[in-house]
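In this note's numbering, the protein residues as written are 64 to 536.
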Ligand SMILES: Cc1cc2nc3c(=O)[nH]c(=O)nc-3n(C[C@H](O)[C@H](O)[C@H](O)COP(=O)(O)OP(=O)(O)OC[C@H]3O[C@@H](n4cnc5c(N)ncnc54)[C@H](O)[C@@H]3O)c2cc1C
């Protein structure tokens, strides 16, 4: 009864306050069984637990992912004196396909908020983005069941793996899983490019105050050291704790891995960052103690995957951090099997230039009709799981404005056929992260060249992965 009164009161405010342009709206439907948010949960072959969310369990049947806070609301509901939401930050975690079915009901799949979880995991998985991903995973699982004529629980491990590879191709992120698709012709091509970006020493483009602390995150380079610039108003000591993680997050820096400190003179100081051995193969994050009068130098140009910021600052900034010898933005990263930042950038980033290109070359001719490009819509930006352009303080999100500058906008693909180079596919005004380009017919070629004619603002090309297929026979 009291829930019904609250709903009507909120509706009255929306319709009649004059603040929402809703005077002509009608209320068509209200749920008749209001309940506590976590009141009813389904029992599936596996129930995702708090431990899985916080410790990132590695599931052989991981089918999608979550990453929203464990976001608890008080049991008493809207009238409670407690804070109306307690949010425990989590890093990206996998959810197994077993959360989408129950062995006793072979013709029923779950997706959305009704997947099988324990309460502490549900408060993270119930958000719209994760619900949407569970729908994609359920669809791929249904496809597998139909293809092999089996119930979900009867699928063999290699069939589950095939479903996971299909999800990966459709741009699902499955932590730790890499592209093993034997039909992808790009996997055995040699890759070259017009150029490769390399962060360079230069003057600071701005300063980020460490008065209240802050961090710098960088994947561990082959030579496990880096250099960064700070400015101090007066001689000071700067102290930091190293943390290691597969993916940096301002709220979850990962496992602590030792300390480092520096003596600063007044003015600008270039400092050495010595990555701890635990950071090898993943991210190292220097988390600085509060340092009044000390600031970190910002870079003029973003080095993808290298960030600085502060836990309570909603936007990541571009740190002037120069990693040691590394292959962060090498052209061959586009066929390394990973299509987004995870432990390493896994990205080809060109130097700033007009129409940068990337080339795949094979020993013998290959026949294909489809090229898949996994582009960069600025993946280091946190996207709120709601449509709004302002956020309450505790959420600390910055809303995205306009198109991500790194995203390729106009792209063309040329192929080296027996009659020489010719353009076989192109796209203008792209707004997608996964861009599928069709040649419209089977093309036989020994090389394929992708030309980035224009982005939405950056002067460099950004590309995580390219795949080449013959889809139609
Ligand atoms: C007040 C509130 C605020 C929230 N805020 C956020 C937020 O800010 N961000 C966020 O990410 N998440 C938020 N959530 C959570 C999130 O919105 C839901 O968990 C999520 O939308 C659930 O998606 P779903 O597809 O599983 O179910 P639903 O979105 O509920 O979809 C189920 C659909 O099935 C239909 N249906 C039911 N029975 C039948 C039937 N027999 N035949 C045909 N159709 C049927 C229903 O009408 C409904 O359209 C909020 C939820 C609530 C209640």
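Glycine is no exception: its CB is placed at the ideal position from the N, C-alpha and C atoms.
- For residue 131, verify whether its CB is less than 8 angstroms away from any heavy atom of ligand 1. Numbered from 1 along the chain shown, position 68 holds the residue referred to as residue 131. Residue 131: yes, Cβ under 8 angstroms from ligand 1.
- Query: In the DSSP assignment, what residue or residues form a beta bridge with residue 119?
  - Reply: Reading the chain shown from its first residue, position 56 is the one you call residue 119. BP columns for residue 119 are empty, so no partner.
- For residue 101, I'd like the list of residues in its chain whose CB is within less than 7 angstroms of its CB, leaving aside the five on either flank, ordered along the chain. Against the chain shown, residue 101 aligns to sequence position 38. For residue 101, where only same-chain residues beyond five positions count, the Cβ hits under 7 angstroms are 182, 185 and 186.
- Selected residue, minimal CA-CA separation from residue 330, among 359, 153 and 377: Position 267 of the chain shown, counted from the start, is the residue given in the question as residue 330. When each option's Cα is compared against that of residue 330, the closest is 359.
- Task: State whether the region 277 to 291 contacts the region 352 to 368, with contact taken as three or more CB pairs (one from each stretch) at a distance under 8 angstroms.
- Result: yes
- Message: Could you check whether residue 200 and residue 163 sit closer than 9 angstroms to each other, using their CB atoms as the reference points?
- Response: For the purposes of this step, residue 163 is identified with residue 100 of the chain shown, where counting begins at 1. For the purposes of this step, residue 200 is identified with residue 137 of the chain shown, where counting begins at 1. Cβ distance < 9 angstroms, so residue 163 and residue 200 count as in contact.
- Does DSSP put residue 500 in a helix, in a strand, or in coil? Position 437 of the chain shown, counted from the first residue, corresponds to residue 500. Residue 500: strand per DSSP, three-state reduction.
- Fully enclosed by the region 184 to 268, which alpha helix (DSSP H) runs are 4 residues long or longer? 191 to 211 and 220 to 232
- Could you give the distance in angstroms between the alpha-carbon of residue 104 and the alpha-carbon of residue 285? Residue mapping note: residue 104 aligns to position 41 of the chain shown, counting from 1. Residue mapping note: residue 285 aligns to position 222 of the chain shown, counting from 1. Between residue 104 and residue 285, the C-alpha separation is close to 46 angstroms.
- Beta carbon of residue 105: closer than 8 angstroms to some heavy atom of ligand 1? Residue mapping note: residue 105 aligns to position 42 of the chain shown, counting from 1. The answer is no for residue 105.
- Query: How many angstroms separate the CA atom of residue 307 from the CA atom of residue 339?
  - Reply: In the chain shown, counting from the first residue as 1, residue 307 sits at position 244. In the chain shown, counting from the first residue as 1, residue 339 sits at position 276. Approximately 9 angstroms, taken between the alpha carbons.
- Task: Report whether the distance from the Cβ of residue 465 to the nearest heavy atom of ligand 1 is below 8 angstroms.
- Result: The count along the chain shown starts at 1 and reaches residue 465 at position 402. Not under cutoff, so the answer is no.
- Task: For the alpha helix (DSSP H) holding residue 332, just list the boundary residues, first then last.
- Result: The residue given as residue 332 occupies position 269 in the chain shown. Note, residue 332: premise wrong, no alpha helix (DSSP H); beta strand (DSSP E) at 330 to 337.
- Query: If we ignore side chains and look at the alpha-carbon of each, how far apart do residue 530 and residue 249 end up?
  - Reply: For the purposes of this step, residue 530 is taken as the residue at position 467 of the chain shown. For the purposes of this step, residue 249 is taken as the residue at position 186 of the chain shown. Taking the straight line joining both Cα atoms gives about 5 angstroms.
- With distances taken Cα to Cα, identify the nearest neighbour of residue 501 among 532, 510 and 514. For the purposes of this step, residue 501 is identified with residue 438 of the chain shown, where counting begins at 1. The shortest C-alpha separation from residue 501 is found at 532.
- Query: Using the C-alpha atoms, what's the distance from residue 523 back to residue 254?
  - Reply: Here residue 254 refers to the residue found at position 191 when the chain shown is read from its first residue. Here residue 523 refers to the residue found at position 460 when the chain shown is read from its first residue. One C-alpha to the other measures close to 18 angstroms.
- Query: Can you tell me the Cα-Cα spacing of residue 415 and residue 260, whole angstroms?
  - Reply: Here residue 415 corresponds to residue number 352 of the chain shown, with the count starting at 1. Here residue 260 corresponds to residue number 197 of the chain shown, with the count starting at 1. Taking the straight line joining both Cα atoms gives about 8 angstroms.
- Measuring CB to CB, does residue 144 end up less than 9 angstroms from residue 241? Residue mapping note: residue 144 aligns to position 81 of the chain shown, counting from 1. Residue mapping note: residue 241 aligns to position 178 of the chain shown, counting from 1. Cβ distance not < 9 angstroms, so residue 144 and residue 241 don't count as in contact.
- Item | Of the listed residues 311, 73, 319 and 192, nearest to residue 346 (C-alpha basis) | Against the chain shown, residue 346 aligns to sequence position 283. Comparing Cα-Cα distances from residue 346 to each of 311, 73, 319 and 192, the minimum goes to 311.
- Task: Please determine, among 333, 404 and 429, the residue with the shortest C-alpha to C-alpha distance to residue 440.
- Result: Within the chain shown, residue 440 is the residue found at index 377, counting from 1. The shortest Cα separation from residue 440 among 333, 404 and 429 belongs to 404.
- For residue 478, collect the residues of the same chain with a Cβ closer than 6 angstroms to its Cβ; drop the 5 residues on either side in sequence, then sort them by chain order. Here residue 478 corresponds to residue number 415 of the chain shown, with the count starting at 1. The answer, listed in chain order, is 487, 506, 508 and 511.
- Message: At a threshold of 8 angstroms, does residue 192 count as lining ligand 1 (C-beta to nearest heavy atom)?
- Response: Position 129 of the chain shown, counting from 1, holds the residue named residue 192. Within the cutoff, so yes.
- Query: Would the beta-carbon of residue 235 fall within 9 angstroms of that of residue 196?
  - Reply: Position 172 of the chain shown, counted from the first residue, corresponds to residue 235. Position 133 of the chain shown, counted from the first residue, corresponds to residue 196. Their beta carbons are under 9 angstroms apart, which means residue 235 touches residue 196 by this criterion.
- Span of the beta strand (DSSP E) around residue 532: Counted from its first residue, the chain shown places residue 532 at position 469. Looking at the DSSP string, the run of the beta strand (DSSP E) that includes residue 532 is 525 to 532.
- ligand 1 heavy atom lying under 8 angstroms from the CB of residue 462: As a working note, residue 462 is residue 399 in the chain shown. Checking the Cβ of residue 462 against ligand 1 gives no.
- Task: Confirm the yes/no value for this check: CB of residue 138, any heavy atom of ligand 1, distance under 8 angstroms.
- Result: Position 75 of the chain shown, counting from 1, holds the residue named residue 138. No; taking the cut-off as 8 angstroms, the Cβ of residue 138 has no heavy atom of ligand 1 nearer than that.
- Task: Could you say if the region 315 to 328 and the region 140 to 158 meet the contact criterion of at least three C-beta pairs nearer than 8 angstroms?
- Result: yes
- Message: Just checking residue 189 against ligand 1 - is the residue's beta carbon closer than 8 angstroms to any of the ligand's heavy atoms?
- Response: Within the chain shown, residue 189 is the residue found at index 126, counting from 1. Yes, the beta carbon of residue 189 sits closer than 8 angstroms to at least one heavy atom of ligand 1.
- So does the region 415 to 432 actually touch the region 379 to 390, counting three or more Cβ pairs closer than 8 angstroms? no
- Task: Flag residue 142 as yes when its Cβ comes closer than 8 angstroms to any non-hydrogen atom of ligand 1, and as no otherwise.
- Result: Here residue 142 corresponds to residue number 79 of the chain shown, with the count starting at 1. Checking the Cβ of residue 142 against ligand 1 gives no.
- Query: Expressed to the nearest angstrom, what Euclidean distance is found between the alpha-carbon atoms of residue 288 and residue 336?
  - Reply: On the chain shown, position 225 is the one that residue 288 refers to. On the chain shown, position 273 is the one that residue 336 refers to. Residue 288 and residue 336: Cα-Cα distance of roughly 5 angstroms.
- Name the DSSP beta bridge partners of residue 380, please? Position 317 of the chain shown, counted from the start, is the residue given in the question as residue 380. In DSSP, residue 380 forms a bridge with 371.
- Item | Residue span of the alpha helix (DSSP H) that contains residue 66, given as start and end | Locating residue 66 in the chain shown gives position 3, where the first residue counts as 1. Start and end: 65 to 79.
- Query: Within the present structure, is the beta-carbon of residue 184 separated from the nearest heavy atom of ligand 1 by less than 8 angstroms?
  - Reply: Looking up residue 184 in the chain shown gives position 121. No - ligand 1 has no heavy atom lying nearer than 8 angstroms to the Cβ of residue 184.
- Task: Go through its chain and collect everything with a Cβ distance to residue 514's Cβ below 6 angstroms, but skip five positions before and after it.
- Result: By one-based count along the chain shown, residue 514 stands at place 451. Cβ within range, chain order: 418, 420 and 475.
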